[in-house]
Each structure stands twice: as C-alpha cells, then as structure tokens.
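In my numbering, the protein residues as written are 69 to 196.
If you want it as structure tokens, here you go:
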C-alpha cells in the first residue's frame, strides 16, 4: 500500500470494522458478520470487499481454495484521516469550533468534560 491512506466509504467501513475486530477471515465469515448487523445482500458485501482489496485497504492471501482477508489499513490511520477530513470540510481545519458545536448542540456529560480537560492538560504539558 502506498503512503496515501485509501478513502473508505461508509459502507466499506462496515467491512473494515469486521476485519479490525478479527483477522484474517474468509469472505464467508465476513459476509456472515456484516449480515448480522445489516440487511445487506451477500453480493453487496463481496463487492465492498473487492473494492477494499483494489484500494489496498485489505490484503487477500490465498489459503488453499479460498482467500483470507486482513486489514492493510490500520484503524488509527483511518480514524486520523476521517477526523482531519471532517475538521477540514466542516470546521475549516480548526478543532475549537468542533468542540464549541458539541458544547452548544450535544450533551457533554461530566465524564466527557473531565476527559477533555485531561487531554487539554496533556497538550499544554507538551508545550503545544
């Protein structure tokens, strides 16, 4: 896989979640796991899996007469790409407007606020 992180659609992310939880898996196992959480047809899931292989997000390794699939894209790498994309598209690349939005429109519990304070303290200690 190249240094560029492949773009993963929302539908494809469901297949990736299955592989991030456990890998390697056969296509039959992946189909069964995705169908537990959705009403998607087997062909749809196999198409998504094929797209992920073509994008380089999933590796396919021959195992006898079948293939075993495993993620080539780490969850943290994908999360980083998605979070930066959201910040860039919706909040001009700035984190504070995102947090302001959540504080105004979503309920932040005491636990969330404590975790945010802890993160901010850690950032300040690093000198950022």
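C-beta: ideal position from N, C-alpha, C; glycine also.
Since the model is a prediction, treat every value here as computed from it, not as a measurement.
In the three-state reduction of the DSSP assignment, residue 130 falls in the strand class, which pools E and B. Taken in chain order, the complete alpha helix (DSSP H) segments of 4 or more residues contained in the region 137-179 are 143-159 and 163-173. Under the DSSP assignment, residue 119 falls in the alpha helix (DSSP H) whose first and last residues are 110-123.
Beta-bridge analysis with DSSP links residue 94 to 136. The region 154-165 and the region 98-106 do not touch, with fewer than three beta-carbon pairs separated by less than 8 angstroms. Between residue 129 and residue 92 a beta carbon distance of about 7 angstroms is seen, short of the 8 angstroms cut, so the two are scored as contacting. In the three-state scheme derived from DSSP, where H, G and I count as helix and E and B as strand, residue 72 is classed as coil.
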